[in-house]
Amino acid sequence: MSTALFNGQRFQALREFEGLTQAALARILGTSQPVISQIEKAERPLNERLMTQARAEFGLPESFFTVQPSYMDLGFPTFRKSSGAKVADERRIVRQYREAARVFEAASRGSGYHEVRLPPDIEGLGPEEAAVRLRQLAGLSEDGPITNMTRFLERFGFGVVTHLDFHGGVEAPKHSGISIPVRGSSRPLIALASVMPGAVMRFTLAHEMAHHIWDASAPQTWTSSRAPQELRAHSFAGALLLPASVIESRVTESLNLDAYLRIKADYGVSVGAVIMRAQRLERISPERARSLQIQLSGPPCTGSPGAAEPCRAPRCRPSSTTRWTSMSSSRRTTPKGATSTIWVKRRRTRHSRRRCLTTAGETWTSSR
């Protein structure tokens, strides 16, 4: 294969997967840091010797280095994460998302599945109005629950990955949802970094859907949970999963915590989110909301401070992503280098324990 087809920027993708600096990758490949830097900046071509060395060291197919830049590399990620999230973890998860989004788009196209289907005017609606419109299009009653949030998203053409990151057998609880809204993307992907409680999972998926609706033209990412984009996404998620009519008919200022748990059981939304929604709709006062949150976090309710809420909501599993991937592989229409997000086995290699990812006719490994 001509070296002109090798994309040197894939060295950066490899480093982000592996958590390596340019200097560390240079040492592994027996070259210098300036050479790696020049290759990543396209100031020097990626020669076959270095590509072959990288393939041998990290268990990669040649197609990994022929993936060309796409619009997905230009978008800004939206995260739901805690303040203690590490930069290296974030880079790894963002890279995993970009790869998964590329795979999903290829698999979706190869399977012949439809593109995203959202009302053309939805971006001009507010969170409440948009939630009502989407619920109507999905055939839900005014106060009916969304029983499966992943199916809801898939119906509109979104792909869903519910466990994107797996680092050495340790979950990544400091990161939850991730999306990269890009205007013009016809097959968007929403991903959850790690396993989480069902109620949190459902809310996070709805939250990330909001970013795809309104934030595709964002000039940069944002970090504050109080940013207007985050507040709007929270409002939309609450309105989508818990319609205003439900709050108005079931919540009063004096409603006790047990009754909130029943709402959680019926709608798959955390008690904390129900309380916030009720306060936002002015069904309860800020003082009552604060009192309920204190009760919710205390030992009488959870058994110990900081423990999980009682009454678990079931987790929703995606179906279409796996189906599209397998259909595309069987038809041999997945572009070269497309990698599935399904972990299939483990093995040890020279540098670290690796996990193998399946591809269309190939297998490559990642040390994470």
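Per my numbering, the very first residue in the sequence shown carries number 17; after that it's consecutive. For each residue, glycine too, the CB sits at the ideal point set by N, CA and C. What you are looking at is a predicted structure, and each value in this text was computed from that prediction instead of being measured.
Does DSSP put TRP380 in a helix, a strand or coil? Caution is warranted here: a pLDDT of 32 is assigned to TRP380, below 50, making its placement in the model unreliable, and the coordinate value is therefore given only provisionally. Looking at TRP380 - three-state DSSP - the assignment turns out to be strand.
Three-state secondary structure assigned by DSSP to THR82: Three-state DSSP puts THR82 in a helix.
Could you say which of ALA305, THR82, ILE229, PRO213 lies nearest to ALA270 if we only look at CA atoms? According to the sequence provided, residue 270 is Ser. The question's Ala does not apply to it. When the alpha-carbon of SER270 is set against those of ALA305, THR82, ILE229, PRO213, the nearest one is in ALA305.
How is the beta strand (DSSP E) around GLY214 delimited, first residue to last? Premise fails: GLY214 lies in the alpha helix (DSSP H), 214-230, not in any beta strand (DSSP E).
Does DSSP put VAL110 in a helix, in a strand, or in coil? In the three-state reduction of the DSSP assignment, VAL110 falls in the helix class, which pools H, G and I.
Going by DSSP, what residue range makes up the alpha helix (DSSP H) through ILE206? Taken as a continuous stretch (DSSP letters only), ILE206 belongs to no alpha helix (DSSP H), being part of the beta strand (DSSP E) at 205-208.
With 16 other CB atoms within 10 Å as the buried threshold, where does THR68 fall? Residue burial annotation: THR68 is exposed, with fewer than 16 other C-beta atoms found within 10 angstroms of its C-beta.
Taking 8 Å as the cut-off, does the region 272-288 touch the region 169-176 (at least 3 CB pairs, one atom from each stretch)? Output reads no: the region 272-288 does not touch the region 169-176.
Any contact between the region 51-59 and the region 19-38? By contact I mean 3 or more CB pairs, one from each, below 8 Å. They touch, by the three-pair rule.
In three-state DSSP terms, what is THR94? When DSSP states are grouped into helix, strand and coil, THR94 belongs to the strand group.
Cβ neighbour criterion (16 or more within 10 Å) applied to VAL211: VAL211 comes out exposed.
Does DSSP classify ILE194 as helix, strand or coil? Looking at ILE194 - three-state DSSP - the assignment turns out to be strand.
Using the C-alpha atoms, what's the distance from GLN38 back to HIS130? Using only the alpha carbons, I get a separation of about 40 Å.
Over what stretch of residues does the alpha helix (DSSP H) that includes VAL285 continue unbroken? Judged by DSSP secondary structure, VAL285 falls outside any alpha helix (DSSP H); it is assigned neither H nor E.
Determine whether the beta carbon atoms of ARG218 and LEU258 lie at a separation below 8 Å. No, the Cβ-Cβ distance between ARG218 and LEU258 is not below 8 Å.
Which term fits PRO204, buried or exposed, when burial requires 16 or more other beta carbons within 10 angstroms of its beta carbon? When all chains shown are included, PRO204 counts as buried.
What is the residue span of the alpha helix (DSSP H) that GLY254 lies within? Residue range 244-257 is occupied by the alpha helix (DSSP H) that includes GLY254.
Less than 8 Å between C-beta atoms, sequence neighbours within five positions excluded: which residues of the same chain meet that for TYR87? Non-local C-beta neighbours of TYR87 in its own chain, meaning closer than 8 Å and more than five positions away in sequence, comprise VAL198, GLY200, SER201, ordered along the chain.
Measuring straight from C-alpha to C-alpha, what distance separates GLY193 and ARG248? Their Cα atoms are separated by approximately 15 Å.
Cutoff 6 Å; reference MET343; Cβ partners in own chain excluding five residues on either side: Because MET343 carries a pLDDT of 47, less than 50, the predicted location of this residue cannot be relied on, and the following value inherits that uncertainty. Counting only residues of its own chain and dropping the five nearest sequence neighbours on each side, MET343 has a CB closer than 6 Å to the CB of SER127.
Using a Cβ-Cβ cut-off of 8 Å (strictly less than) and excluding sequence neighbours within five positions of ALA260, which residues of its own chain qualify? GLU144, LEU297, listed in sequence order.
Backbone CA spacing between ASP159 and ARG299 [nearest angstrom]: Each residue's alpha carbon lies about 17 Å from the other.
Within 10 angstroms of its Cβ, does ALA188 collect 16 or more other Cβ (buried), or is it exposed? Below a pLDDT of 50, predicted positions are generally treated as unreliable, and ALA188, at 47, falls in that range; no measurement from the model is reported.
PHE92 versus GLU121 - alpha carbon distance: Cα-Cα distance, rounded: 18 Å.
Taking only runs of the alpha helix (DSSP H) that begin and end inside the region 120-176, which ones reach a length of at least 4 residues, in chain order? The alpha helix (DSSP H) runs of length 4 or more contained entirely in the region 120-176 are, from start to end of the chain, 143-153, 165-171.
Is it true that the region 41-50 meets the region 69-77, where meeting means three or more beta-carbon pairs spaced less than 8 Å apart? Cβ pair count under 8 Å is three or more, so yes.
By Cβ distance, which residues of its chain are closer than 8 Å to VAL216, with the 5 residues on each side in sequence left out? Hits under 8 Å: SER192, SER286.
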